Amino acid sequence: MFQTFEPASDKTFASQHLPPLRKVLKDMELDGLIVPHDDAYLNEYLPPYAERLMWVSGFSGSAGLGIVLEDKAAVFSDGRYRIQLKDQVDTELFSLHITPEEDPAEWLCENVGGGGVIGYDPLLMSKAGLASFAEAAKRTGFVLKALTENPIDVAWADQPEPPCTMVVPHPDEFSGESSASKRKRLGEALSKRGASAALLTAPHSVAWLFNIRGDDVHASPLPLGRAILFADGTARLFLRPEKVDKTLHRHVGDDVIIVDEADIDDELKDLAQGGACVLVDPALTPLHFVEVLSASGASIIEGEDPCALPRAIKNEIELAGSRQAHIRDGAAVTRFLHWLAQTAPTGTLTEISAAQKLEAFRSETNALRDVSFDTISGAGPHGAICHYRVTTKTDLAIEPGTLYLVDSGGQYQDGTTDITRTIAVGEPTQEMRDHYTLVLKGHIALATARFPKGTSGHQLDVLARLPLWEAGLDYDHGTGHGVGSYLGVHEGPQNISKKPIRQALMPGMICSNEPGYYKTDAYGIRIENLIIVTKPAPIDGGEREMMGFETITMAPLERELINKDLLTDAELAWVNNYHAQVREALTSLLPDETAAWLQQRTAAI
Numbered sequence: 003m004f005q006t007f008e009p010a011s012d013k014t015f016a017s018q019h020l021p022p023l024r025k026v027l028k029d030m031e032l033d034g035l036i037v038p039h040d041d042a043y044l045n046e047y048l049p050p051y052a053e054r055l056m057w058v059s060g061f062s063g064s065a066g067l068g069i070v071l072e073d074k075a076a077v078f079s080d081g082r083y084r085i086q087l088k089d090q091v092d093t094e095l096f097s098l099h100i101t102p103e104e105d106p107a108e109w110l111c112e113n114v115g116g117g118g119v120i121g122y123d124p125l126l127m128s129k130a131g132l133a134s135f136a137e138a139a140k141r142t143g144f145v146l147k148a149l150t151e152n153p154i155d156v157a158w159a160d161q162p163e164p165p166c167t168m169v170v171p172h173p174d175e176f177s178g179e180s181s182a183s184k185r186k187r188l189g190e191a192l193s194k195r196g197a198s199a200a201l202l203t204a205p206h207s208v209a210w211l212f213n214i215r216g217d218d219v220h221a222s223p224l225p226l227g228r229a230i231l232f233a234d235g236t237a238r239l240f241l242r243p244e245k246v247d248k249t250l251h252r253h254v255g256d257d258v259i260i261v262d263e264a265d266i267d268d269e270l271k272d273l274a275q276g277g278a279c280v281l282v283d284p285a286l287t288p289l290h291f292v293e294v295l296s297a298s299g300a301s302i303i304e305g306e307d308p309c310a311l312p313r314a315i316k317n318e319i320e321l322a323g324s325r326q327a328h329i330r331d332g333a334a335v336t337r338f339l340h341w342l343a344q345t346a347p348t349g350t351l352t353e354i355s356a357a358q359k360l361e362a363f364r365s366e367t368n369a370l371r372d373v374s375f376d377t378i379s380g381a382g383p384h385g386a387i388c389h390y391r392v393t394t395k396t397d398l399a400i401e402p403g404t405l406y407l408v409d410s411g412g413q414y415q416d417g418t419t420d421i422t423r424t425i426a427v428g429e430p431t432q433e434m435r436d437h438y439t440l441v442l443k444g445h446i447a448l449a450t451a452r453f454p455k456g457t458s459g460h461q462l463d464v465l466a467r468l469p470l471w472e473a474g475l476d477y478d479h480g481t482g483h484g485v486g487s488y489l490g491v492h493e494g495p496q497n498i499s500k501k502p503i504r505q506a507l508m509p510g511m512i513c514s515n516e517p518g519y520y521k522t523d524a525y526g527i528r529i530e531n532l533i534i535v536t537k538p539a540p541i542d543g544g545e546r547e548m549m550g551f552e553t554i555t556m557a558p559l560e561r562e563l564i565n566k567d568l569l570t571d572a573e574l575a576w577v578n579n580y581h582a583q584v585r586e587a588l589t590s591l592l593p594d595e596t597a598a599w600l601q602q603r604t605a606a607i
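Position 72, counted from 1, in the sequence shown is what this note's numbering calls 74; the numbers after and before it change by one each time, with no gaps.
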């Protein structure tokens, strides 16, 4: 299997690891340490050696930050992890905080006196990530110290080795555009901005630009590496030599020089001393590299990673591949849902056995390269933990009379999938049906939205929340995130959330549509499909062309949880039309018994 279910951490991590870390801090004459949830590539999902925040605190979520002082410590994360923080972190040793309700920099101001020295690793923080701490230091009088050695790496006796897997080509038949073409058009854009080069430190961008993939990060086909793209379309690609073979050299061509990643600082110094004007993304680039460039005399232009927006706007080959991946994946998910409907009422299933079966169905497609994230398999109260990860210690039975939430996805060469379904095991309560239907109403409102050019996901977020708001309910996560093409399941720069963003939704972008509702200690509900932003089209009688969304996820909704009386005629028509699309797309791919079951599940309501 691609995923395991052994606990990644437990509440003893803090008591085990804080003492040796504090000893190292004392030896380094530090009064504290900022511990971001990031590796040296600022990834969301980390290889085991880089799980420094988890090592010191026990918190295994995909977003967060810790601060360790001599006599106290704190962990910060967002609302998705409110419950998980309490479950994983020893509150006798760490205080727990939710951002943006509480600001880590302000906590530091309140707990560190003037003159205190707070260390940070400049390979793990960007300029944007450090900005609030730098401002707080000026205001309060403590000192921020960039470290050449991470204290956690010193204290972590059995720290795993960094990953080192082979880097492989991603064929043009899946990428839809050659690396040379991408480098040429991005190089031209650099020239127009007055930059002679761009430093690329995000593995997603490196993978996309050079049409390469790897296996250095679980659930994301990423090769860990960096690059310099020059305005003439040539490039330096920085990879560990052990990850490179002749096939890769042939794939990238003569215009790309592959350099040992250990030599990147020297290359940056040479680039700067040659008078280069370098584009750097202040949110994605580790401060260490910015400081190397600045100290060596480079002119720096701050701007968004030049790969981010082109990567998010999928070409027609990528869109066609994603549609096919979702049909293939939808057939696997539908087989699972049929199996679950037959098996769950017996009371013999657990969260782990269900997740294993779902992965097995995906594996039987013979196209699965990895899961796109560890399956969120939450029975009853565990469904209320937005990013719950089942382990052998937490595994619950899926019992009749409960809701079961399963959020999962697959990595295929032609696309990345992400789907959530909420299942009623046995007879649901009226409250469960009403709450599910409110979530469904929000899902439909977003799926059917029409909007003009220039509209951001932030402006549309309210559509998915309004039915819940009107009932006095809400959820503490975004409504939608970008999704890569055989890349990260979470991809920017677009998203759909309460958080204000400037990036407009553009045709070809893939987003998720996933409103939810979570009743603590009882159940969780989420309905998630992936959607493609469509090209502007006229509306009868209208004055402006409008964009919209195409739903590409194909799997039935939960009929038993739909309260027809809460749906408008238009909403009911959407459900029936969506189910007709699912039936048409999947029937021929399913065993006869499952196809018959799907016919019944997708019959008009």
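Don't be surprised by glycine CBs; every beta carbon is placed ideally from N, CA and C.
Since we're looking at a predicted model, the values are computed, not measured.
Nearest-angstrom Cα separation, counted from residue j out to residue i
i      : j      : result
Pro22  : Glu429 : 52 Å
Arg585 : Gly332 : 11 Å
Ala52  : Ala447 : 40 Å
Gln275 : Asp257 : 22 Å
Leu468 : Ser355 : 36 Å
Arg391 : Leu360 : 15 Å
Glu269 : Pro495 : 29 Å
Ala557 : Asn317 : 25 Å
Asp409 : Ser62  : 18 Å
Met434 : Gln344 : 21 Å
Leu149 : Gly34  : 12 Å
Ile319 : Ser487 : 10 Å
Tyr520 : Cys388 : 8 Å
Glu562 : Leu339 : 13 Å
Ala334 : Leu188 : 38 Å
Thr396 : Asp92  : 17 Å
Phe144 : Ser128 : 20 Å
Ala191 : Gly277 : 19 Å
Gly482 : Lys25  : 43 Å
Met511 : Asp463 : 16 Å
Trp158 : Lys13  : 17 Å
Thr553 : Ile534 : 7 Å
Arg238 : Glu353 : 46 Å
Arg252 : Ile214 : 12 Å
Thr394 : Arg141 : 47 Å
Phe1   : Lys537 : An answer regarding residue 1 cannot be provided, because it is not within the stretch 3 to 607 covered by the chain.
Coarse secondary structure for residue i, derived from DSSP in three states
i      : result
Asn113 : helix
Lys455 : coil
Lys323 : Here residue 323 turns out to be Gly, not Lys, going by the sequence shown. Here Gly323 sits in helix by DSSP.
Glu493 : strand
Leu281 : strand
Val170 : strand
Val427 : strand
Val294 : helix
Gln505 : coil
Thr150 : coil
Val246 : coil
Thr418 : strand
His483 : strand
Tyr122 : strand
Val584 : helix
Val258 : strand
Proximity test, Cβ basis, 8 Å: residue i and chain D
i      : result
Phe144 : Here chain D cannot be found, since the structure has a single protein chain.
Presumed contact (8 Å Cβ cut-off) between residue i and residue j, rounded CB distance
i      : j      : result
Gln413 : Ser374 : 5 Å
Leu132 : Ser181 : Actually they do not touch by this definition, with Cβ atoms about 33 Å apart.
Leu44  : Ala75  : In fact, because the Cβ distance is near 23 Å, the residues do not count as touching under 8 Å.
Thr404 : Gly382 : 4 Å
Val208 : Tyr47  : The pair is not a contact, with the Cβ atoms about 16 Å apart (cut-off 8 Å).
Asn578 : Ala606 : 5 Å
Ser134 : Thr101 : At roughly 11 Å, the Cβ-Cβ gap does not stay under 8 Å, so Ser134 and Thr101 are not in contact.
Near the ligand MN: residue i beta-carbon under 7 Å from a heavy atom
i      : result
Phe453 : For the ligand MN, the structure offers nothing, since it holds no ligand at all.
Is the stretch 286–303 touching the stretch 116–129, taking contact as three or more C-beta pairs under 8 Å? yes
Would you call the stretch 419–433 and the stretch 460–479 in contact, with 3 or more CB pairs under 8 Å? no
Start-end ranges of the beta strand (DSSP E) lying completely within the stretch 514–573, minimum 3 residues: 518–521, 525–528, 531–535 and 551–553
Between the stretch 167–174 and the stretch 187–202, are three or more C-beta pairs nearer than 8 Å? no
Inside the stretch 9–78 only - beta strand (DSSP E) runs reaching at least 3 residues: 34–38 and 67–71
If you pair each beta-carbon of the stretch 440–460 with each one of the stretch 499–508, do three or more pairs fall below 8 Å? yes
Validate contact between the stretch 247–261 and the stretch 509–527 using beta carbons, cut 8 Å, 3 pairs: no
At 4 residues or longer, what runs of the alpha helix (DSSP H) sit wholly inside the stretch 339–394? 353–365
Secondary structure, beta strand (DSSP E): runs of 3+ residues fully inside the stretch 210–247: 228–232 and 237–241
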